[in-house]
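Numbering (this note's numbering), first residue to last: 47 to 303.
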Amino acid sequence: LPDDLPALVRVVQGLLIHVFWAERYGIKLNGARQSEVNLRSFKEKFPALLHLSNAPLTEPRPLEKRLVGNCRDFSDFLAALLKQKGIPARARCGFGKYFLPNHYEDHWVTEYWNTAEKRWSMVDAQLDEFQQKELKITFDTLNVPSYQFITGGKAWLLCRAGQANPDQFGIFKMRGMGFIRGDLIRDFLALNRIEILPWDAFGLIAKADNQLSEADLALLDHLAGLTLTPDAAFAEIRQLYAQEKELQVPASWFPIV
47 LPDDLPALVR VVQGLLIHVF WAERYGIKLN GARQSEVNLR SFKEKFPALL
97 HLSNAPLTEP RPLEKRLVGN CRDFSDFLAA LLKQKGIPAR ARCGFGKYFL
147 PNHYEDHWVT EYWNTAEKRW SMVDAQLDEF QQKELKITFD TLNVPSYQFI
197 TGGKAWLLCR AGQANPDQFG IFKMRGMGFI RGDLIRDFLA LNRIEILPWD
247 AFGLIAKADN QLSEADLALL DHLAGLTLTP DAAFAEIRQL YAQEKELQVP
297 ASWFPIV
């Protein structure tokens with residue numbers, strides 16, 4: 047594997063194709079290929095990658111030989127490669143401001159520890175040159191500004207405080223506080239090294255808004271606050287996952303967890 051961040055991002059981009067962008071690249075996906083986006087773990091993804099092509103992972107694949115994924119997969123793959131190089135990294139779930147005007151799109155990015163600047167930096171590994179041009183991106187996708195991507199927890203707290211409109215957060219026709227709650231919990235789980243699929247629903251994610259108790263809302267507010275400072279709150283983030291049954295993913299989803 048290469049040592050520098052831009053090269054690692056290019057490796058990821060050479061392995062994956064986004065399920066919703068495939069046609070823009072000129073690739074028609076049948077049902078079987080589209081279903082690759084449902085693979086949760088690397089234990090499932092790597093055999094699928096090798097089935098498509100046995101070329102070295104560092105060699106960019108033809109578009110039709112790339113594993114079908116979404117933003118979560120680009121973020122997970124980059125985090126895995128960075129960790130392989132000894133660089134602390136993690137996937138984060140939230141909302142990108144750079145896909146549609148006046149809208150925060152459901153999205154995942156990668157955070158890595160920027161040693162030079164002594165801070166976590168955000169990278170959007172999904173956005174190759176083609177997507178950057180299509181979306182008219184003007185910022186550095188290897189150093190995403192904090193105002194361009196906000197985590198699920200931050201979105202939750204902003205909307206709970208009346209400082210943002212919940213209807214501006216989501217994807218397609220799915221939006222609102224229920225959707226934001228899902229991304230808050232997905233981000234909390236990712237900080238526990240459990241990256242569920244964007245459409246996975248269970249426990250507190252699956253409840254309707256009118257089913258939430260005051261205790262549920264208090265827990266969600268607390269979770270959101272913890273995810274804003276995950277390093278300082280890491281022990282409590284781990285403890286809450288171990289204690290709260292409605293936050294725990296079904297064991298069958300990630301047998302190794």
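By construction, the Cβ of each residue, glycine as well, lies at the ideal position given by its N, Cα and C atoms.
Discussion item. At the level of alpha carbons, what is the spacing between Val57 and Gln130?
Written reply: 13 Å
Fill in: For Ile242, three-class secondary structure by DSSP
coil
Item to complete: With Leu204 as the anchor, note down where its alpha helix (DSSP H) starts and where it stops.
Response: Gly198 to Arg206
Worksheet item: Straight-line CA distance for Gly222 to His268?
Response: 19 Å
Worksheet item: How is the beta strand (DSSP E) around Tyr150 delimited, first residue to last?
Response: Tyr150 to Asn160
Worksheet item: Should Arg118 and Trp154 be called a contact, given that it needs their Cβ atoms to be closer than 9 Å?
Response: yes
Item to complete: Determine the DSSP secondary structure at Ile226, reduced to helix, strand or coil.
Response: helix
Discussion item. So, for Asn238: in the same chain, excluding its five sequence neighbours on each side, which residues have a beta-carbon less than 7 Å away from its beta-carbon?
Written reply: Ile283, Arg284 and Tyr287
Worksheet item: Quick one, are the C-beta atoms of Gln171 and Thr184 less than 9 Å apart?
Response: Going by the sequence as given, residue 171 is Ala instead of Gln. No. Outside cutoff.
Practice prompt. Report the rounded CA-to-CA distance for Asp49 versus Trp245, giving the unit in angstroms.
Written response: 34 Å
Discussion item. Checking 9 Å against the spacing of the C-beta atoms, do Gly224 and Glu292 come in under that value?
Written reply: no
Worksheet item: What residue from Glu151, Gly77 and Asn189 has the CA that sits closest to Ala162's CA?
Response: Asn189
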